[in-house]
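**Q** full-length UniProt numbering applies: residue 1 is where the sequence shown begins, and numbers increase by one.
Glycine included, C-beta positions come from ideal geometry on N, C-alpha and C.
The structure displayed is predicted, hence computed values, not measured ones.
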Amino acid sequence: METADGDLIYAGTVHHGHGLQPGGSFVVRRTAAGEEPTWVFRTDRKATDLDHDMETVYVTYDDGEIVGLDLRDGNVRWRRHLAVAGVPVVATALTVTEPGRLLIGTTDGRILDCSAV
């Protein structure tokens with residue numbers, strides 16, 4: 001995805017013969033013309049989707065966690081595991097509808113309207 005100032009933010013994974021490498025899943029922010037990333041956030045889980053508002057990059061993972069990263073420096077602002085009525089759910093899609101407001105699609109067919117505040 002592209003930020004308002006033209007930077008790019010994307011997620012990826014690095015696999016080897018036995019699956020995902022430790023620390024092999026990442027979210028990166030870089031300038032379109034830059035060789036070095038502005039920041040990199042690494043984890044051991046695959047990102048299922050991401051979006052951003054003016055302050056936060058929202059990333060969903062295949063274990064049900066959603067992480068809010070600071071848009072400027074990539075530091076973790078917060079992290080939560082998604083649950084509906086106490087039952088864990090896994091997000092497959094994420095859209096920011098307004099600052100701090102998310103629509104999240106889940107593997108069980110739900111669409112969650114969430115506040116990230």
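Take the Cβ of Val59 as the centre, count every other Cβ of all protein chains shown within 10 Å, and call the residue buried at 16 or more, exposed below.
**A** As a working mapping, residue 59 is identified with position 59 in the sequence shown. Answer is buried; the Cβ neighbour count reaches 16.
**Q** Suppose contacts are defined by Cβ-Cβ distances below 8 Å. Is Asp44 in contact with Pro22 by that definition?
**A** By 1-based counting over the sequence shown, the position of residue 44 is 44. By 1-based counting over the sequence shown, the position of residue 22 is 22. In contact: Asp44 and Pro22 (Cβ atoms closer than 8 Å).
**Q** How long is the line joining the alpha carbons of Asp5 and Glu55, rounded to whole angstroms?
**A** Taking the sequence shown and counting its residues from 1, one reaches residue 5 at position 5. Taking the sequence shown and counting its residues from 1, one reaches residue 55 at position 55. Roughly 13 Å between the two C-alpha positions.
**Q** Drop a sphere of 10 angstroms on the beta-carbon of Ala32, count the other beta-carbons inside from all chains shown, and report buried for 16 or more, exposed for fewer.
**A** As a working note, residue 32 is residue 32 in the sequence shown. The residue in question, Ala32, is exposed, as its Cβ has fewer than 16 Cβ neighbours within 10 Å.
**Q** In whole angstroms, what is the alpha-carbon distance linking Ile9 and Val84?
**A** Residue 9 sits at position 9 when you count from the first residue of the sequence shown. Residue 84 sits at position 84 when you count from the first residue of the sequence shown. For Ile9 and Val84, the distance between alpha carbons rounds to 29 Å.
**Q** Could you please give me the residues that DSSP links to Gly105 through a beta bridge?
**A** In the sequence shown, the residue the question calls residue 105 occupies position 105. Paired residues: Ala93 and Ile111.
**Q** Could you say which of Asn75, Arg79, Gly105 and His81 lies nearest to residue 121 if we only look at CA atoms?
**A** Residue 121 lies beyond the residue range present for the chain, which begins at 1 and ends at 117; the question has no answer from this structure.
**Q** Can you name, in chain order, every residue of its own chain whose Cβ lies under 6 Å from the Cβ of residue 132, other than the five neighbours on each side?
**A** With the chain covering 1 to 117 only, the question about residue 132 has no answer from this structure.
**Q** Is it the case that the Cβ atoms of Leu94 and Asp51 are separated by a distance below 8 Å?
**A** Numbered from 1 along the sequence shown, position 94 holds the residue referred to as residue 94. Numbered from 1 along the sequence shown, position 51 holds the residue referred to as residue 51. Yes.
**Q** For the putative contact between Val40 and Val28, defined by C-beta atoms under 8 Å, what is the C-beta separation to the nearest angstrom?
**A** Indexing the sequence shown from 1 puts residue 40 at position 40. Indexing the sequence shown from 1 puts residue 28 at position 28. That belief holds up - the Cβ atoms of Val40 and Val28 are roughly 5 Å apart, short of 8 Å.
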